[in-house]
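In what follows, a single structure is set out as structure tokens and then discussed.
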Amino acid sequence: MKRLHVHVRVKDLDESIRFYSTMFDAEPSVTKGDYAKWMLDDPRANFAISTVKSGFGVDHLGVQVESDNDLKDYASKLQAAGQNVIEQDDAVCCYARSDKAWVSDPQGVPWETFLSHGAEAVYGSDRVQRSALAGEDAADVGTPEGNQCCVGDVPEEISCCASGLETSKAG
Numbered sequence: 042m043k044r045l046h047v048h049v050r051v052k053d054l055d056e057s058i059r060f061y062s063t064m065f066d067a068e069p070s071v072t073k074g075d076y077a078k079w080m081l082d083d084p085r086a087n088f089a090i091s092t093v094k095s096g097f098g099v100d101h102l103g104v105q106v107e108s109d110n111d112l113k114d115y116a117s118k119l120q121a122a123g124q125n126v127i128e129q130d131d132a133v134c135c136y137a138r139s140d141k142a143w144v145s146d147p148q149g150v151p152w153e154t155f156l157s158h159g160a161e162a163v164y165g166s167d168r169v170q171r172s173a174l175a176g177e178d179a180a181d182v183g184t185p186e187g188n189q190c191c192v193g194d195v196p197e198e199i200s201c202c203a204s205g206l207e208t209s210k211a212g
């Protein structure tokens, strides 16, 4: 069974944990100094929040899958839809190690499909820039510049850099 993934950037982690814990009637399954995650069964979702200095709100959406075949199927569907798909193998992000396929929808909203293989001690070291998802200059992929691992900008104090990125255009 697949699980919807939502990642939101927040100003105050403790305040947001209280809010979402009340809303979901559940405590986070993972809590770190800059991150929290709820693995919910009702609704079936992987809901995550992390702190940043600016750019608050929805960071990205996604689908968490349970097998390599599911991940490959999603990447194939996205390529068939004519979207620029970026695949990451063995990425470390959000305190987990995962294989991923990234794409932007027609409005530019980043979506990740991923299969997690285990927990990690650090927030992350792999990221994908929005410009690469949009099919723009692939040289932008993985350059630490701003405020967040995974997608978007990365703060100077968080050391994120790309590894294992593979870009492919549907064609």
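Converting from the sequence shown to the working numbering requires adding 41 to each position, the first position being numbered 1.
Virtual Cβ for every residue (Gly too), placed ideally from N, Cα, C.
Going by the CB atoms, is the gap between residue j and residue i shorter than 9 Å?
i       : j       : result
Asp-146 : Gln-129 : no
Ser-57  : Tyr-164 : no
Val-99  : His-46  : no
Leu-102 : Val-150 : yes
Met-80  : Arg-138 : no
Give me the Cα-Cα distance between residue i and residue j, rounded to the nearest whole angstrom.
i       : j       : result
Asp-114 : Asn-87  : 20 Å
Asp-55  : Ala-162 : 20 Å
Arg-59  : Asp-82  : 19 Å
Tyr-61  : Leu-156 : 24 Å
Lys-73  : Val-126 : 30 Å
Val-71  : Asp-140 : 20 Å
Pro-84  : Ala-142 : 23 Å
Phe-97  : Val-169 : 18 Å
Asp-265 : Trp-152 : Since the first residue shown for the chain is 42 and the last is 212, residue 265 is missing from the structure and cannot be characterised.
Going by CA-CA distance only, name the one from the options that's closest to residue i.
i       : options                            : result
Cys-135 : Asp-75, Ala-116, Gly-96            : Asp-75
Ala-122 : Val-144, Ala-132, Arg-138          : Val-144
Ala-89  : Ala-77, Ser-157, Asp-83            : Ala-77
Ser-24  : Val-93, Ser-70, Thr-154, Val-51    : Nothing can be reported for residue 24, as the shown portion of the chain is limited to 42 through 212.
Ala-132 : Asp-111, Trp-152, Gln-148, Gly-159 : Gly-159
Lys-94  : Met-42, Lys-141, Arg-50, Leu-174   : Arg-50
Gln-148 : Val-169, Leu-174, Ser-70           : Leu-174
Met-42  : Trp-152, Val-169, Ala-142, Asp-111 : Asp-111
Along the chain, where does the alpha helix (DSSP H) that runs through residue i open and close?
i       : result
Met-64  : 54-65
Ser-117 : 109-121
Quick one: give me the first and last residue of the beta strand (DSSP E) that residue i is part of.
i       : result
Met-80  : 76-82
Asn-87  : 85-92
Glu-128 : 126-134
Glu-153 : 151-160
Gln-105 : 98-105
Asp-140 : 137-145
Val-71  : 71-73
Val-47  : 44-51
Within the chosen definition, does the segment 107-114 reach the segment 47-67 through at least 3 CB pairs nearer than 8 Å?
These segments do not touch.
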